[in-house]
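Colleague: Sharing a structure here in structure tokens format.
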């Protein structure tokens, strides 16, 4: 149900008109089984590219990613990436979106899993709804339910709540925490929202501007549910923001 | 009164005004040839009474149905392959763009040479006319699918034929339907031209025959009105496809 990630010596550059554009310059990262790690960094620094490499969508120029000791060859259901833009299939109902990805599972079991995960994310009663009939937050819940239904080792999230309004975003963070308590997946979240990272993650990896490297790693040793307005939290937030080049009043 | 029912009133008013203007100008000009709207209605009644109305309409619809369905059956799979595989697109597209600008009317002599003056010639012309907008529309629709659906499918291990049929095609379906609507419109446009040349049934034949056999302009205009009304109804039928749950997502956002 969960797996450890080990990435070693990841390098990636893209060719552009000005020649090779280096995006990632040597990243080593380990994420323990069941750990929640957030990657924060300035926009355009290559966080999403790193996530694409970890999830097997993009091949690194150098370096290797292993999950539970096995090299990651390509995108596959063992590690699901939830992107910022909705990727649930708009031509299928909520329930069909889940059963569709459960290929090879017997029909009855498909149905059972679909209802189970719709319930888990708080979408009971919406199994017959199409995504366009759901709100932005509900589409995210469906996205999560579909990802959990295939029981991946790792859950990758690329600014999953970035397109939601502030209030829904807060709610979704609480929901995600609650769900991960039940399902216990290894999770890797890319975000530019320091508060979001502090709210959710066990460790926060701060990335440098492009070509990106790991600038520092910050532990967040507080139990859940977390209070975001404690002195320690504010101190950690200030530390991370200053690492990102944003000065705050002390 | 809701906004919708009020806006429904305008189309009727415009059609009414057109008919009134037509009627007045026929009466005022005292033309011996051009029929009044009432004469056209009587013409349609006459066609209905002697049984030729059903015969002409069903002949035209039958030709369109076969030619159009043959085009759908080939254009949509080919369009999906062209939109999905860059190599297929680069190989096939130049040929399609070369043939596309040739009007189906230009094919009439060859159609008669190859298929004679039976039903096959107009079916072939209808096939040609609706094939090109559907193949290009489908290819463009597949090519412009939002990448996150394809990535998600890849992530969940969906590939091969299942990916094409159950992800790529439904993702492109809204645009495929737009192409199908366009194709059917053009098919209906062409059936009339095709029937004017060779055959002895169909609405196109009715128009030319009424003109040649005694200047029956009431029946000429009756044929035109029937073509317009049926084309209008066909378009409404195609539009109702856009209301299907499987494609509505594209039109509501």
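Protein chains in written order, with this note's numbering: chain F, 1 to 250; chain W, 1 to 253.
Where a beta carbon is used, it is the ideal one built from N, C-alpha and C, also for glycine.
None of the values given here were measured: they were computed from a predicted structure.
Going by beta-carbon coordinates alone, are residue 238/W and residue 183/W separated by less than 7 Å?
Modeller: Residue numbering aside, residue 238/W sits at position 238 when the second chain is read from its first letter. Residue numbering aside, residue 183/W sits at position 183 when the second chain is read from its first letter. No, these two residues do not count as a Cβ contact at 7 Å.
Colleague: Using the DSSP secondary-structure output, state which residues sit across from residue 255/F in a beta bridge.
Modeller: Since the first and last residues shown for chain F are 1 and 250, residue 255/F lies out of range.
Colleague: Where residue 2/W and residue 10/W are concerned, what is the direct C-alpha to C-alpha distance, given to the nearest angstrom?
Modeller: Along the second chain, one-based indexing puts residue 2/W at 2. Along the second chain, one-based indexing puts residue 10/W at 10. Unreliable placement is indicated for residue 2/W, whose pLDDT of 47 sits below 50; the coordinate value is still reported in the next sentence. Cα-Cα distance, rounded: 14 Å.
Colleague: Using only the alpha-carbon positions, how far apart do residue 46/F and residue 152/W sit?
Modeller: Along the first chain, one-based indexing puts residue 46/F at 46. Along the second chain, one-based indexing puts residue 152/W at 152. Taking the straight line joining both Cα atoms gives about 20 Å.
Colleague: At what residue ranges does the region 72-158 of chain W contain a whole run of the alpha helix (DSSP H), taking only runs of 4 or more?
Modeller: Runs found: 86-99, 108-115, 120-143 and 147-155.
Colleague: Check whether chain W comes within 7 Å of residue 80/F, counting only Cβ atoms and requiring the distance to be less than that.
Modeller: Against the first chain, residue 80/F aligns to sequence position 80. Cβ-Cβ to chain W under 7 Å: yes for residue 80/F.
Colleague: Comparing the C-beta of residue 157/W with each C-beta of chain F, is any distance below 7 Å?
Modeller: The residue labelled residue 157/W in the question sits at position 157 within the second chain. True, the Cβ-Cβ gap to chain F drops below 7 Å.
Colleague: Anything in chain F within Cβ reach of residue 165/W, meaning under 7 Å, just list it in chain order.
Modeller: Mapped onto the second chain, residue 165/W falls at position 165. Going along chain F, no residue has its Cβ under 7 Å from residue 165/W, so there is no contact; the nearest lies around 12 Å.
Colleague: Out of 65/F, 137/F, 222/F and 141/F, which has the shortest C-alpha to C-alpha gap to residue 118/F?
Modeller: Translated into positions along the first chain, residue 118/F becomes position 118. Of 65/F, 137/F, 222/F and 141/F, the residue nearest in Cα terms is 141/F.
Colleague: What are the uninterrupted segments assigned as alpha helix (DSSP H) that are 4 or more residues long and contained completely in the region 130-167 of chain F, given in chain order?
Modeller: Correct list: 136-149.
Colleague: By Cβ distance below 6 Å, which residues in the same chain neighbour residue 161/W in space, the five residues on each side in sequence not counted?
Modeller: Locating residue 161/W in the second chain gives position 161, counting from the first residue. So the list is empty, once near-sequence residues are dropped.
Colleague: Short check: CB of residue 88/W to CB of residue 98/W, under 7 Å?
Modeller: Walking along the second chain from the start, residue 88/W turns up at place 88. Walking along the second chain from the start, residue 98/W turns up at place 98. It is not a contact, given that the beta carbons lie outside the stated cut-off.
Colleague: Between residue 90/W and residue 207/W, what straight-line distance do the alpha-carbon atoms span, to the nearest angstrom?
Modeller: If you number the second chain from 1, residue 90/W lands on position 90. If you number the second chain from 1, residue 207/W lands on position 207. So the alpha carbons of these two residues sit roughly 43 Å apart.
Colleague: Less than 7 Å between CB atoms is the rule here; does residue 209/F satisfy it with respect to chain W?
Modeller: As a working note, residue 209/F is residue 209 in the first chain. No, its Cβ sits nowhere closer than 7 Å to a Cβ of chain W.
Colleague: Can you find at least 3 beta carbon pairs, one from the region 55-65 of chain F and one from the region 118-126 of chain W, that sit closer than 8 Å?
Modeller: Touching, no.
Colleague: Helix, strand or coil: which one does DSSP assign to residue 12/W?
Modeller: Translated into the one-based positions of the second chain, residue 12/W becomes position 12. Residue 12/W: helix per DSSP, three-state reduction.
Colleague: Do the region 187-202 of chain F and the region 149-167 of chain F make contact, defined as three or more Cβ pairs closer than 8 Å?
Modeller: As far as the Cβ criterion goes, the region 187-202 of chain F touches the region 149-167 of chain F, which means the pair count is three or higher.
Colleague: Hey, residue 138/W and residue 86/W: beta-carbon distance below 7 Å or not?
Modeller: Within the second chain, the letter at position 138 stands for residue 138/W. Within the second chain, the letter at position 86 stands for residue 86/W. Cβ distance not < 7 Å, so residue 138/W and residue 86/W don't count as in contact.
Colleague: What residues in the region 206-239 of chain W bring their beta carbon closer than 9 Å to a beta carbon of chain F?
Modeller: Taking 9 Å as the Cβ-Cβ cut-off against chain F, none of the residues of the region 206-239 of chain W qualify.
Colleague: Can you check whether the C-beta of residue 2/W is within less than 7 Å of a C-beta belonging to chain F?
Modeller: Along the second chain, one-based indexing puts residue 2/W at 2. Confidence in residue 2/W is poor, its pLDDT being 47 and thus under 50, which makes the residue's placement too unreliable to answer from.
Colleague: Would residue 90/F count as contacting chain W if we go by Cβ distances under 7 Å?
Modeller: Along the first chain, one-based indexing puts residue 90/F at 90. Interface residue, yes.
Colleague: Beta-carbon within less than 7 Å of residue 72/W's beta-carbon, same chain only, minus the 5 sequence neighbours each way: which residues are those?
Modeller: The count along the second chain starts at 1 and reaches residue 72/W at position 72. Counting only Cβ-Cβ distances below 7 Å, and skipping sequence neighbours, we find 134 and 180.
Colleague: Can you have a look at residue 91/F and say buried or exposed, based on whether 16 or more other CB atoms are within 10 angstroms of its CB?
Modeller: Here residue 91/F refers to the residue found at position 91 of the first chain. The residue in question, residue 91/F, is buried, as its Cβ has 16 or more Cβ neighbours within 10 Å.
Colleague: Cutting at 8 Å between CB atoms, please list the residues of its own chain near residue 146/W, excluding the five before and the five after it.
Modeller: Here residue 146/W corresponds to residue number 146 of the second chain, with the count starting at 1. Counting only Cβ-Cβ distances below 8 Å, and skipping sequence neighbours, we find 171.
Colleague: According to DSSP, which residues form a beta bridge with residue 12/F?
Modeller: Taking the first residue of the first chain as 1, we reach residue 12/F at position 12. According to DSSP, residue 12/F bridges with 24/F.
Colleague: So which residues of chain W does residue 87/F contact, with C-beta pairs closer than 8 Å?
Modeller: Walking along the first chain from the start, residue 87/F turns up at place 87. By Cβ distance, chain W contributes 148, 149, 151 and 152.
Colleague: Taking only beta-carbon positions, decide if residue 130/F is within less than 7 Å of chain W.
Modeller: On the first chain, residue 130/F is found 130 positions in, with the first residue counted as 1. Cβ-Cβ to chain W under 7 Å: yes for residue 130/F.
Colleague: Cutting at 6 Å between CB atoms, please list the residues of its own chain near residue 216/W, excluding the five before and the five after it.
Modeller: Position 216 of the second chain holds residue 216/W. Same-chain partners within the cutoff: 210.
Colleague: Using 8 Å for Cβ pairs, my map puts residue 177/W next to residue 130/W. What's the rounded Cβ distance?
Modeller: Working through the second chain from its first residue, we reach residue 177/W at position 177. Working through the second chain from its first residue, we reach residue 130/W at position 130. In fact, because the Cβ distance is near 14 Å, the residues do not count as touching under 8 Å.
Colleague: Does residue 71/F come within less than 7 Å of chain W when only Cβ atoms are used?
Modeller: What you label residue 71/F is simply residue 71 of the first chain in a count that begins at 1. With 7 Å as the cut-off, residue 71/F does not count as an interface residue toward chain W.
Colleague: Could you check what DSSP says for residue 99/F in three-state terms: helix, strand or coil?
Modeller: Looking up residue 99/F in the first chain gives position 99. Reduced to three states, the DSSP call for residue 99/F is helix.
Colleague: Could you say if the region 222-242 of chain F and the region 70-87 of chain F meet the contact criterion of at least three C-beta pairs nearer than 8 Å?
Modeller: Cβ pair count under 8 Å is below three, so no.
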